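Engineer:
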Amino acid sequence: MEEQEARWGEITAIAARGGLLKPVRGGVILINQEMITDLLASRFGWHPSNMAPVVASDIARERRIEAYIVDPISTDELAEVARISGFPDVPRRSFSHALNMKMVGREVAVSELHKDYDSANLIVVHMGGRLSVSVHQCGKMVDVNDGRSEGPFGIEGSGGLPVYELLKYMERNNLTPGEMIRRLHNGSGLYGYLGSKNFQEIEANYDKDKRTTLAIDALAYQIAKEVGGASAVLKGKVDGIIITGGLAHSQLLVNKIKERICWIAPVFVRPGEREMDALGIGVLEALKGQRAIHNYV
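Going by our numbering, the sequence shown opens with residue 22, and the numbers climb by one from there.
1. Between which two residues does the alpha helix (DSSP H) harbouring residue 161 extend?
2. Any idea what DSSP makes of residue 141, helix, strand or coil?
3. Using a Cβ distance threshold of 8 Å, determine whether the stretch 246-256 contacts the stretch 294-310, with at least three qualifying pairs required.
4. Which residue marks the beginning of the beta strand (DSSP E) containing residue 314, and which one marks its end?
5. Here's the rule I'm using: 16 or more other beta-carbon atoms within 10 Å means buried, otherwise exposed. How should residue 171 be labelled?
6. Cα separation between residue 138 and residue 159?
7. Ends of the alpha helix (DSSP H) at residue 214?
8. Report back the beta-carbon spacing between residue 52 and residue 78 to the nearest angstrom; my notes put them in contact at under 8 Å.
9. Would you check if the stretch 152-169 and the stretch 189-197 touch, i.e. whether three or more CB-CB distances between them fall below 8 Å?
10. Specify, as a first and last residue, the run of the alpha helix (DSSP H) that residue 296 falls within.
11. Could you tell me which residues DSSP pairs with residue 293 in its beta bridges?
12. Taking 8 Å as the cut-off, does the stretch 287-297 touch the stretch 259-267 (at least 3 CB pairs, one atom from each stretch)?
13. Cutting at 8 Å between CB atoms, please list the residues of its own chain near residue 315, excluding the five before and the five after it.
14. Do residue 104 and residue 167 come within 9 Å of each other at the CB atom, strictly closer than that value?
15. Compute the Euclidean distance between the alpha carbons of residue 121 and residue 245, then round it to the nearest angstrom.
16. Taking residue 142 as the reference, give the member of 285, 27, 305 with the closest Cα.
17. Would a C-beta distance cut-off of 9 Å place residue 179 and residue 210 closer than the cut-off?
18. Between the Cα of residue 204 and those of 261, 127, 176, 262, spot the shortest distance and give me the residue it belongs to.
19. With DSSP as the reference, label residue 89 as helix, strand or coil.
20. Taking the beta strand (DSSP E) that residue 49 belongs to, which residues open and close that run?
21. Would you mind sorting residue 147 into buried or exposed? The rule is 16 or more other CB atoms within 10 Å of its CB.
22. Given a cut-off of 9 Å on the beta-carbon distance, is the pair residue 115 and residue 75 in contact?
23. Residue 98: buried (16+ other C-beta within 10 angstroms of its C-beta) or exposed?
24. Tell me the rounded alpha-carbon separation between residue 212 and residue 278.
25. For residue 183, count the other beta carbons within 10 Å of its own beta carbon; 16 or more makes it buried, fewer makes it exposed. Which is it?
26. Go to residue 154, then tell me how far its beta strand (DSSP E) extends in each direction, as first and last residue.
27. For the beta strand (DSSP E) that residue 35 lies in, which residues bound it at each end?
28. Which same chain residues end up closer than 7 Å to residue 150 when comparing Cβ atoms and leaving out the 5 residues on each side of it in sequence?
29. Any chance you could list the alpha helix (DSSP H) runs of at least 4 consecutive residues sitting entirely within the stretch 181-258, in chain order?
30. Find the nearest neighbour of residue 30 within the set 237, 81, 55, judged by alpha-carbon distance.
31. Just the Cα atoms here: how many angstroms apart are residue 228 and residue 238?
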């Protein structure tokens, strides 16, 4: 507050990162007690961002203003057909980098495609510790891989794995589900193959080490393959493909992906994460009446 030279009396609302919540529609959501209760109990899982709405709610109550979240991790706009997994007791769920992906989707739709986000067909790829490849159809994220257990691997996440072989591996090594989940989330991906989570260091060895070459090529291959599948969701009618997230800073990786997918649609690169901007813009537009405010129920 001091660095931004802001005064508390000038603050009209608070925007917070959404944590792991029940499936909710995308957009701006008012923080209420039910949301706080779910987050404090980690009812839908634990994540550091679970604390953001809790802190925002405390400050908002003290200042007698409202607090909101925007496009949380659990944003769920999946088409019904996308929920079918192949095993009835385990439907597909929507957990993704929704906040950043919807932000860059809106930006590119307007600035590059000269369309409103609500009328564009987009594929948005967020590349980080885990990967999200999402399909945006006329303003809704109708399909996306759950980066914890589906899709391409990332810096430290495994992505999708052969289920039968995974179960046999757990049995052979006497691993509990909790132990296996920790390995899949934090000890897999590029880190599992190469022993590093620093992509700049990994990339520097691309031409020097065959294992590194193969690992990066495989990452690009898996991402491109997922994008190809996403294009089928839109029946090939794709206005644009957006590559974003921390790994989008890598020209090597981006080029290797683009050479496999550029025939589908124009590819736009937006490196990094725009989550703080997305929070501020989302709530500001809601306060201006340009976006609806939803309740958490």
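Ideal Cβ positions, reconstructed from N, Cα and C, are used throughout, including at glycine.
Only a predicted model underlies this, so the values are computations on that prediction, with no experimental measurement involved.
Structural biologist: Looking at the coordinates:
1. Here residue 161 is taken as the residue at index 140 of the sequence shown, counted from 1. Residue 161 -> not in any alpha helix (DSSP H); beta strand (DSSP E) instead, spanning 161-165.
2. Position 120 of the sequence shown, counting from 1, holds the residue named residue 141. Reduced to three states, the DSSP call for residue 141 is coil.
3. no
4. Translated into positions along the sequence shown, residue 314 becomes position 293. From DSSP, the beta strand (DSSP E) with residue 314 extends over 314-316.
5. As a first step, residue 171 must be located in the sequence shown, where it is residue number 150. Residue 171 comes out buried.
6. For the purposes of this step, residue 138 is taken as the residue at position 117 of the sequence shown. For the purposes of this step, residue 159 is taken as the residue at position 138 of the sequence shown. Whole-angstrom Cα-Cα distance: 7 Å.
7. Locating residue 214 in the sequence shown gives position 193, counting from the first residue. That run of the alpha helix (DSSP H) goes 210-215.
8. The residue labelled residue 52 in the question sits at position 31 within the sequence shown. The residue labelled residue 78 in the question sits at position 57 within the sequence shown. Yes, residue 52 and residue 78 are in contact; Cβ-Cβ is about 5 Å, under 8 Å.
9. no
10. Here residue 296 refers to the residue found at position 275 of the sequence shown. Its alpha helix (DSSP H) spans residues 296-308.
11. Indexing the sequence shown from 1 puts residue 293 at position 272. Answer is 266.
12. yes
13. The residue given as residue 315 occupies position 294 in the sequence shown. Correct list, in chain order: 45, 46, 48, 49, 50, 51.
14. Taking the sequence shown and counting its residues from 1, one reaches residue 167 at position 146. Taking the sequence shown and counting its residues from 1, one reaches residue 104 at position 83. Not in contact: residue 167 and residue 104 (Cβ atoms no closer than 9 Å).
15. Position 100 of the sequence shown, counting from 1, holds the residue named residue 121. Position 224 of the sequence shown, counting from 1, holds the residue named residue 245. In a straight line, the C-alpha of residue 121 is about 20 Å away from that of residue 245.
16. Sequence index remark: in the sequence shown, residue 142 carries index 121 (1-based). It is 285 whose Cα lies nearest to the Cα of residue 142.
17. Position 158 of the sequence shown, counting from 1, holds the residue named residue 179. Position 189 of the sequence shown, counting from 1, holds the residue named residue 210. Their beta carbons are under 9 Å apart, which means residue 179 touches residue 210 by this criterion.
18. As a position in the sequence shown, residue 204 is number 183, starting the count at 1. Among 261, 127, 176, 262, the Cα nearest to that of residue 204 belongs to 176.
19. The count along the sequence shown starts at 1 and reaches residue 89 at position 68. In this structure, residue 89 counts as strand in the three-state DSSP scheme.
20. In the sequence shown, residue 49 corresponds to position 28, counting from 1. Segment 49-51, the beta strand (DSSP E) holding residue 49.
21. The residue given as residue 147 occupies position 126 in the sequence shown. Buried, because 16 or more other Cβ atoms sit within 10 Å of the Cβ of residue 147.
22. The residue you call residue 115 lines up with position 94 of the sequence shown. The residue you call residue 75 lines up with position 54 of the sequence shown. The answer is no: Cβ separation not under 9 Å.
23. Taking the first residue of the sequence shown as position 1, residue 98 is located at position 77. Flag for residue 98 reads buried.
24. Residue numbering aside, residue 212 sits at position 191 when the sequence shown is read from its first letter. Residue numbering aside, residue 278 sits at position 257 when the sequence shown is read from its first letter. Answer to the nearest angstrom: the Cα atoms are 20 Å apart.
25. Mapped onto the sequence shown, residue 183 falls at position 162. Classification of residue 183: exposed, given that the 10 Å Cβ count is below 16.
26. As a working mapping, residue 154 is identified with position 133 in the sequence shown. First-last of the beta strand (DSSP E) with residue 154: 152-158.
27. Residue mapping note: residue 35 aligns to position 14 of the sequence shown, counting from 1. Taken as a continuous stretch (DSSP letters only), the beta strand (DSSP E) holding residue 35 covers 34-37.
28. The residue given as residue 150 occupies position 129 in the sequence shown. 175, 176, 177, 178, listed in sequence order.
29. 184-193, 198-207, 210-215, 220-225, 231-254
30. Mapped onto the sequence shown, residue 30 falls at position 9. Considering only alpha carbons, the answer is 81.
31. In the sequence shown, the residue the question calls residue 228 occupies position 207. In the sequence shown, the residue the question calls residue 238 occupies position 217. Each residue's alpha carbon lies about 12 Å from the other.
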